[in-house]
Amino acid sequence: MLFAIIGFFAGIIGGMGMGGGTILIPALILFTGVDPKIAQSVNLISSIPMTIIALYIHIKNKNVVLKLVVPIALFGVLGAIVGSFVANDLSSDVLRKVFGLFLLLVGGYEIKKGICPPKNKD
Numbered sequence: 011m012l013f014a015i016i017g018f019f020a021g022i023i024g025g026m027g028m029g030g031g032t033i034l035i036p037a038l039i040l041f042t043g044v045d046p047k048i049a050q051s052v053n054l055i056s057s058i059p060m061t062i063i064a065l066y067i068h069i070k071n072k073n074v075v076l077k078l079v080v081p082i083a084l085f086g087v088l089g090a091i092v093g094s095f096v097a098n099d100l101s102s103d104v105l106r107k108v109f110g111l112f113l114l115l116v117g118g119y120e121i122k123k124g125i126c127p128p129k130n131k132d
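In my numbering, the protein residues as written are 11 to 132.
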């Protein structure tokens with residue numbers, strides 16, 4: 011049941027375009043004790059059907075700009091290849107710390123944006 015709940019909330023976040031792994035990976039590690047490398051693999055595999063459905067809906071609603079997608083996807087694939095090799099060579103402890111630091115930085119940035127919203131250039 012816990013996996014279903016985690017998957018549901020990861021799907022909501024993923025469908026909104028914010029990356030379901032932001033929820034899925036820490037939840038699997040913290041609440042179920044799954045190894046970080048396994049959590050990352052589960053995230054990648056489970057994101058495929060979630061991404062297909064979300065992409066279909068976003069394309070249907072005309073929220074996709076293909077001029078942006080092509081370079082991001084091409085370089086994203088390159089980054090995924092490099093990242094997979096790097097993750098394979100790192101210990102689970104190091105991966106856990108790197109991902110935690112990443113989440114901390116993103117969270118801090120979002121809090122800063124909420125407190126000091128950017129000024130409009132109008």
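Just so it is clear, CB atoms sit at the ideal spot from N, CA and C, and this is done for glycine as well.
Review point. Below 8 Å, can you find three or more Cβ-Cβ pairs linking the segment 68-76 to the segment 109-120?
Key: no
Review point. Which value, in whole angstroms, describes the spacing of the CA atoms of residue 96 and residue 63?
Key: 30 Å
Check your understanding: Between which two residues does the alpha helix (DSSP H) containing residue 60 stretch?
Key -> 46-70
Practice item. Give every residue of the same chain whose Cβ lies closer than 7 Å to the Cβ of residue 19, excluding the five residues on either side of it in the sequence, and list them in chain order. Key: 33
Practice item. Report the residue from 99, 105, 130, 65 whose alpha carbon sits nearest the alpha carbon of residue 28. Key: 65
Check your understanding: With DSSP run on the structure shown, which of helix, strand or coil describes residue 128?
Key -> coil
Exercise for review: Tell me whether residue 134 sits in a helix, a strand or coil according to DSSP, three-state version.
Suggested key: Residue coverage of the chain in this structure runs from 11 to 132, which leaves residue 134 outside it and unanswerable.
Practice item. Compare the beta carbon distance of residue 30 and residue 24 with 7 Å and say whether it is the shorter of the two. Key: yes
Practice item. Count the other CB atoms, across all protein chains shown, that sit within 10 Å of the CB of residue 46; report buried if there are 16 or more and exposed otherwise. Key: buried
Exercise for review: Take residue 37 and list the residues in its own chain whose beta-carbon comes closer than 6 Å to its own, dropping the five residues that flank it on each side.
Suggested key: 16
Review point. What do you get for residue 14, buried or exposed, if any count of 16 or more other CB atoms within 10 angstroms of its CB means buried?
Key: exposed
Review point. Within this structure, are the beta carbons of residue 35 and residue 53 separated by less than 7 Å?
Key: yes
Review point. Taking the C-alpha atoms as reference points, what is the distance between residue 102 and residue 85?
Key: 26 Å
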